[in-house]
Amino acid sequence: MGIRAVRDQSFGVIARLVATIAIISASVLPPPALAWGGYGHRTTGQIALANIKPETRRALEQLLKYEKQLGTPECALKTLEDATVWPDCVRRTRWRWGYTAAWHYRTTPVCDAYEPWKNCSGGNCVTAQIERNQRLLADESLPAHIRLEALAFMVHFVGDIHMPLHSGDKDDRGGNDRKTAYGIVPDMNLHWIWDGALAERAITSTERPMVRRYSAAERADYGGGEPADWGRESWQAARDFVYPNAFNTDPCASDLPDEAALTQEDIVEAIPVAQRRIRQAGLRMAAMLDQAFAPGPLPEPESSR
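Sequential numbering from 115 applies to the sequence shown in this note's numbering.
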């Protein structure tokens with residue numbers, strides 16, 4: 115092989131590597147509150163759709179016909195997958211939807227005791243908004259477009275609350291202030307990594323398809339609980355896994371540096387954690403949809419605040 119051919123081949127390899135890094139970087143740069151990123155959120159919706167009852171699917175299809183009445187042509191809401199990302203899309207119109215920003219999370223410092231309703235004044239947190247929007251969705255006396263809006267908020271927030279860094283942090287805005295490398299990709303942050311690259315790796319690394327009809331035993335394993343429980347699970351995952359995985363230390367033993375790097379071994383270790391949270395979000399979303407579209411009013415919640 116001549117010198118020119120070797121040089122051209124080398125340039126080709128480098129170009130492909132740079133392009134790959136650029137694609138990975140773009141995939142993990144959503145707004146800070148975009149839990150699981152678009153791909154992860156849509157996957158939770160696909161899991162839910164594969165596991166809801168036939169009558170729920172029919173009711174859902176009827177409700178989605180009222181999309182135009184929402185007045186958000188820039189943000190599609192034609193499918194359940196669209197619904198899982200619609201709340202992040204409309205937030206870009208701050209004058210109309212900016213008040214919903216606090217609904218996407220409710221973090222507790224990982225070194226404090228978890229309190230599901232702390233810092234949730236007026237129901238302005240993800241825990242309360244999941245419950246509120248399920249009740250609005252279930253209320254057949256409301257106009258269809260109001261119920262459709264509630265559907266989108268509910269399914270999106272079910273995804274949000276299952277992302278560990280939307281429930282637990284170390285005084286760093288859910289990991290947004292921790293500059294973190296993802297393997298060979300530098301200059302990410304811990305939140306972006308769990309939102310995008312890690313979630314995508316988790317979804318595409320399963321032995322069995324993540325989007326499928328789950329067995330009754332699997333639904334029992336991944337399902338159950340209520341929003342306050344799901345937030346606690348995420349907070350615990352942040353405390354016991356996310357921060358130790360990134361910094362190789364107990365986050366409550368000392369202050370953490372502002373920078374970290376996830377090695378390939380760290381990433382492989384994190385994949386099962388992300389996979390479980392995404393499966394749980396999809397199957398719990400399916401259960402909430404079945405409950406909301408079932409005849410009659412929703413039962414009153416068991417938990418007290």
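All residues carry an ideal CB built from backbone N, CA and C; glycine is no exception.
A quick note: this is a predicted structure, and the numbers were derived from the prediction, not measured.
Which partner residues does E373 have in the DSSP bridge list? Counting from 1 along the sequence shown, the entry for residue 373 is found at position 259. Partner(s): K293.
Spatially closest choice to M277 from A406, G396, L412 and P413, by CA coordinates: Counting from one through the sequence shown, the residue named residue 277 turns up at place 163. Of the listed residues, the one whose Cα sits closest to M277 is G396.
Between G185 and chain D, is there a C-beta pair that is closer than 8 Å? Among the chains in the structure shown there is no chain D, since it carries only a single protein chain.
What number of angstroms, rounded off, separates the C-alpha of Y153 from the C-alpha of A227? Residue mapping note: residue 153 aligns to position 39 of the sequence shown, counting from 1. Residue mapping note: residue 227 aligns to position 113 of the sequence shown, counting from 1. Distance between the alpha carbons of Y153 and A227 is about 32 Å.
I'd like to check one pair, M399 with T158: are the Cβ atoms closer than 8 Å? As a working mapping, residue 158 is identified with position 44 in the sequence shown. As a working mapping, residue 399 is identified with position 285 in the sequence shown. Contact flag set, yes.
For Y336, which residues of its own chain have a beta-carbon under 6 Å away from its beta-carbon, when the five flanking residues on both sides are left out? Here residue 336 corresponds to residue number 222 of the sequence shown, with the count starting at 1. R393, Q394 and L397.
Look at the alpha carbon of A197 and the alpha carbon of A266, and state the distance between them as a whole number of angstroms. Within the sequence shown, the letter at position 83 stands for residue 197. Within the sequence shown, the letter at position 152 stands for residue 266. Rounded to the nearest angstrom, the two C-alpha atoms are 4 Å apart.
I'd like the list of long-range same chain contacts for A420, defined as Cβ closer than 7 Å, with 5 residues on each side in sequence excluded. No statement about residue 420 is possible, as the shown extent of the chain runs from 115 to 419 and does not include it.
Flag this pair as yes or no: are the beta carbons of V204 and H155 separated by less than 8 Å? Numbered from its first residue, the sequence shown carries residue 204 at position 90. Numbered from its first residue, the sequence shown carries residue 155 at position 41. Contact flag unset, no.
Using 10 angstroms around the beta-carbon of R322, count the other beta-carbons present and answer buried if the total reaches 16, otherwise exposed. Position 208 of the sequence shown, counted from the start, is the residue given in the question as residue 322. Looking at its Cβ environment, which holds fewer than 16 other Cβ atoms inside 10 Å, R322 is exposed.
Quick check on N303: does DSSP put it in helix, strand or coil? Mapped onto the sequence shown, residue 303 falls at position 189. If DSSP states are grouped into helix, strand and coil, N303 belongs with the strands.
Sequence-distant residues of its chain with Cβ nearer than 6 Å to C239 (five each side left out): As a working mapping, residue 239 is identified with position 125 in the sequence shown. Once the five neighbours on either side are set aside, the close Cβ partners of C239 are R220.
Near L163, what residues of its chain come up, given a Cβ to Cβ distance below 6 Å and the 5 sequence neighbours on each side ignored? For the purposes of this step, residue 163 is taken as residue 49 along the sequence shown, with counting starting at 1. Result list for L163: L194, in chain order.
Can you look up G212 in the DSSP assignment and give me helix, strand or coil? Residue 212 sits at position 98 when you count from the first residue of the sequence shown. It is helical.
Quick test of the definition: if touching needs 3 or more C-beta pairs under 8 Å, does the region 249 to 266 touch the region 372 to 385? no
Are R346 and V224 touching if we call contact CB-CB under 8 Å? The residue you call residue 346 lines up with position 232 of the sequence shown. The residue you call residue 224 lines up with position 110 of the sequence shown. Contact flag unset, no.
Using three-state DSSP, classify P413 as helix, strand or coil. The count along the sequence shown starts at 1 and reaches residue 413 at position 299. DSSP places P413 in coil when its eight states are reduced to three.
Using the DSSP secondary-structure output, state which residues sit across from G338 in a beta bridge. As a first step, residue 338 must be located in the sequence shown, where it is residue number 224. For G338, which the question treats as bridged, DSSP gives no partner whatsoever.
If D78 sits next to H280, beta carbons under 8 Å apart, how far is it from one beta carbon to the other, in whole angstroms? A question about residue 78 goes unanswered here, because the residues of the chain that appear run from 115 up to 419.
8 Å contact criterion, which G289 and W349 should meet: CB distance rounded: For the purposes of this step, residue 289 is taken as the residue at position 175 of the sequence shown. For the purposes of this step, residue 349 is taken as the residue at position 235 of the sequence shown. Incorrect: roughly 13 Å between the Cβ atoms, too far for contact.
Straight-line Cα distance separating A216 from E175: Walking along the sequence shown from the start, residue 175 turns up at place 61. Walking along the sequence shown from the start, residue 216 turns up at place 102. Cα to Cα, the separation comes out at about 29 Å.
Rounded Cβ spacing between T241 and A351 (contact assumed at less than 8 Å): Locating residue 241 in the sequence shown gives position 127, counting from the first residue. Locating residue 351 in the sequence shown gives position 237, counting from the first residue. Incorrect: roughly 16 Å between the Cβ atoms, too far for contact.
Considering V204, what are the terminal residues of the alpha helix (DSSP H) in which it resides? Looking up residue 204 in the sequence shown gives position 90. Where V204 is concerned, the enclosing alpha helix (DSSP H) stretches over L194 to V204.
C-alpha distance - P145 paired with A330, whole-angstrom precision: Residue mapping note: residue 145 aligns to position 31 of the sequence shown, counting from 1. Residue mapping note: residue 330 aligns to position 216 of the sequence shown, counting from 1. Low local confidence applies: a pLDDT of 40 at P145 is under 50, so the model's placement there is unreliable, with the coordinate-based value given in what follows. Distance between the alpha carbons of P145 and A330: 36 Å.
Closer than 7 Å by C-beta to V387: which residues in its own chain qualify, once you throw out the five before and the five after it? Chain order, please. To locate residue 387, count along the sequence shown from 1; it is residue 273. Excluding positions up to five away in sequence, the list reads A351 and F355.
Count the other CB atoms within 10 Å of the CB of L403; is the residue buried (16 or more) or exposed (fewer)? The residue given as residue 403 occupies position 289 in the sequence shown. Buried is the call here.
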